[in-house]
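Heads up, the thing below is written out as structure tokens.
Residue numbers (the working numbering): 0 to 531.
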């Protein structure tokens, strides 16, 4: 994917200002996202966002819906705030995006010089401290003041302020609106642009603090600071496709759907669609889903008869996105899981999953001579494995390959889909399988939250809890070996042996710790250190 750079974007945007073009530029950062997602943070200006989505949060969310060539969204870049980058990229409809820090970091010195050269009629909307200040060399027609507390001002004064501006200048064209009002800037520009798009509305933010506050308020104002030297980068928003379709599975555990939906709807990378595949029991009636739950899905398919674990992969071929993420019914991911998989996929194409299996002696699986990597054994960096389970993130076009010549494995019905997917893609297209980072200190990146993984994964309905299924898994892996599949132990023996040794070492070192919870925590820390 092509990239855009902070310094080049500044040149592009500033040329539009110098050419007196009429457009709007709104800039969204971590403070705005905190308000929109109901996350409590304290801003430098002193305001505190609540730990729920307030009316101000809802109003800010509404500003993300304009799709116009003259309406530009400045968003966080992945090098400064990756989660915010994916959050905004998948919630803003328009592809007309640039950097939220367009006027700062390595651009700030150039911005300061060029801003002072602007000589235009302007409306300034900023902090009350700058009311009587000179702002560059602008001809200020009027200065509208806002307070430090954006929540109080939103509640009591913002509506009247916007109406006053509309009454006094709403019919005027070709004015420059200089806005620096924190999270309120986006609401102000949104409303004024809808009223009259024939002006230039710019959220300059803290870049003009030297005029309003007359002191340095940000680190980038110091030329020796690391931020003052940072030239940020992001994928070209005009060509980058962030679409991911999520496929959930329902069999015997409808009680897990609400947990899964909450986790999916909270993802930093918002999925394009959420699909549900429902298998039916061999005997008995299908699980009942409430209308409240059903309305969360874009498409629901119920099998006509029991199809086992393979049906959801076949159904996923009908997804609208180029990427799909398929979940077991007992897997509750952290809210950065799709982001984690998508970002890893851009660095190295492959199948990405929640728990990875690395085979030391493949023909003994699942009884012995293998290890697991992922939520049960955290890894700081991406690790190559033989196959993955619990969730699968991959290109939709690859799904056909797992069904090619795999009728013998499909006949096992309740097992084998995970190893077959990886084996077939490795044989046919030389595509490898990976577990993306599962750092111990950030469980939101995990494919399965630890507090649910052990509990739900050991439920009686889990495939791995059935002894007959374990025997079928062994038959499936041996069938694949006979068909020509070669696990990593054949291709990268040193890598596999080293990881298996470290895994065994961690088990030995923690074996005799008497308290189970302490033993578990120490083992997790030790494995993350060893698997780094």
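The beta-carbon is built from N, C-alpha and C at its ideal position, and this holds for glycine as well.
### Message
Let's test the definition: count the other Cβ atoms within 10 Å of the Cβ of residue 1 and tell me whether it reaches 16, buried, or not, exposed.
### Response
Residue 1 sits at position 2 when you count from the first residue of the chain shown. It is exposed - the Cβ of residue 1 has fewer than 16 other Cβ atoms within 10 Å.
#### Entry: Boundaries (first-last residue) of the alpha helix (DSSP H) holding residue 478
Looking up residue 478 in the chain shown gives position 479. 466-481 is the span of the alpha helix (DSSP H), which, as asked, contains residue 478.
### Query
What's the C-alpha gap between residue 442 and residue 246?
In the chain shown, residue 442 corresponds to position 443, counting from 1. In the chain shown, residue 246 corresponds to position 247, counting from 1. Going from the Cα of residue 442 to the Cα of residue 246 covers about 22 Å.
### Query
When we look at the beta-carbon of residue 340 and count the other beta-carbons within 10 Å, is it buried (16 or more) or exposed?
The sequence position of residue 340 within the chain shown is 341, counting from 1. By the 10 Å Cβ count, residue 340 comes out buried.
### Query
Whose C-alpha, out of 184, 69, 81 and 377, is nearest the C-alpha of residue 528?
Position 529 of the chain shown, counted from the first residue, corresponds to residue 528. Of the listed residues, the one whose Cα sits closest to residue 528 is 377.
### Message
I need the DSSP call for residue 244, collapsed to helix, strand or coil.
### Response
The residue you call residue 244 lines up with position 245 of the chain shown. In this structure, residue 244 counts as strand in the three-state DSSP scheme.
### Task
Indicate whether the contact test is met: 3 or more Cβ pairs, each with one atom in the region 107-122 and one in the region 84-94, closer than 8 Å.
no
### Query
When you compare only the Cα positions, how much space is there between residue 316 and residue 398?
If you number the chain shown from 1, residue 316 lands on position 317. If you number the chain shown from 1, residue 398 lands on position 399. Distance between the alpha carbons of residue 316 and residue 398 is about 7 Å.
### Message
Please state the DSSP three-state secondary structure of residue 501.
### Response
If you number the chain shown from 1, residue 501 lands on position 502. Of the three classes helix, strand and coil, the one that applies to residue 501 here is helix, per DSSP.
### Message
Among the candidates 437, 76, 119 and 183, whose CA atom is the shortest distance from the CA of residue 19?
### Response
Within the chain shown, numbered from 1, the residue matching residue 19 stands at position 20. The shortest Cα separation from residue 19 among 437, 76, 119 and 183 belongs to 119.
### Message
So, for residue 504: in the same chain, excluding its five sequence neighbours on each side, which residues have a beta-carbon less than 8 Å away from its beta-carbon?
### Response
Against the chain shown, residue 504 aligns to sequence position 505. Cβ within range, chain order: 529.
### Task
Within its chain, find whatever has a CB closer than 8 Å to the CB of residue 512; leave out the 5 residues flanking it on each side and keep chain order.
Position 513 of the chain shown, counted from the start, is the residue given in the question as residue 512. Once the five neighbours on either side are set aside, the close Cβ partners of residue 512 are 518 and 521.
### Message
Please classify residue 123 as buried or exposed, where buried requires at least 16 other C-beta atoms within 10 Å of its C-beta.
### Response
Position 124 of the chain shown, counted from the first residue, corresponds to residue 123. Answer is buried; the Cβ neighbour count reaches 16.
### Query
What is the DSSP secondary structure of residue 371, reduced to helix, strand or coil?
The count along the chain shown starts at 1 and reaches residue 371 at position 372. Looking at residue 371 - three-state DSSP - the assignment turns out to be strand.
### Task
Answer with buried or exposed for residue 326, where buried requires no fewer than 16 other C-beta atoms within 10 angstroms of its C-beta.
Taking the chain shown and counting its residues from 1, the one referred to as residue 326 is at position 327. That one is buried.
### Query
Near residue 23, which residues of its chain fall below 7 Å by C-beta distance, leaving aside the five closest residues on each side in sequence?
Position 24 of the chain shown, counted from the start, is the residue given in the question as residue 23. Result list for residue 23: 69, 70, 71, 188, 192 and 200, in chain order.
### Query
Are the CB atoms of residue 31 and residue 185 nearer to each other than 8 Å?
In the chain shown, the residue the question calls residue 31 occupies position 32. In the chain shown, the residue the question calls residue 185 occupies position 186. Yes, the Cβ-Cβ distance between residue 31 and residue 185 is below 8 Å.
### Query
Quick one: is the Cβ of residue 354 within less than 7 Å of any heavy atom of the ligand NAD?
Because no ligand of any kind appears in the structure shown, any question about the ligand NAD cannot be addressed here.
### Query
By a C-beta neighbour count over all protein chains shown, 10 Å radius and 16 as the cutoff for buried, is residue 164 buried or exposed?
Working through the chain shown from its first residue, we reach residue 164 at position 165. Looking at its Cβ environment, which holds 16 or more other Cβ atoms inside 10 Å, residue 164 is buried.
#### Entry: Neighbour-count burial assignment, residue 35, 16 or more Cβ in a 10 Å radius
The residue you call residue 35 lines up with position 36 of the chain shown. Buried, since its Cβ has 16 or more Cβ neighbours within 10 Å.
### Collapsed DSSP secondary structure at residue 84 in the structure displayed
Along the chain shown, read from residue 1 onward, the residue named residue 84 stands at position 85. In this structure, residue 84 counts as helix in the three-state DSSP scheme.
### Task
Kindly indicate which three-state DSSP category residue 300 falls into: helix, strand or coil?
Counting from one through the chain shown, the residue named residue 300 turns up at place 301. Residue state, collapsed to three classes: strand.
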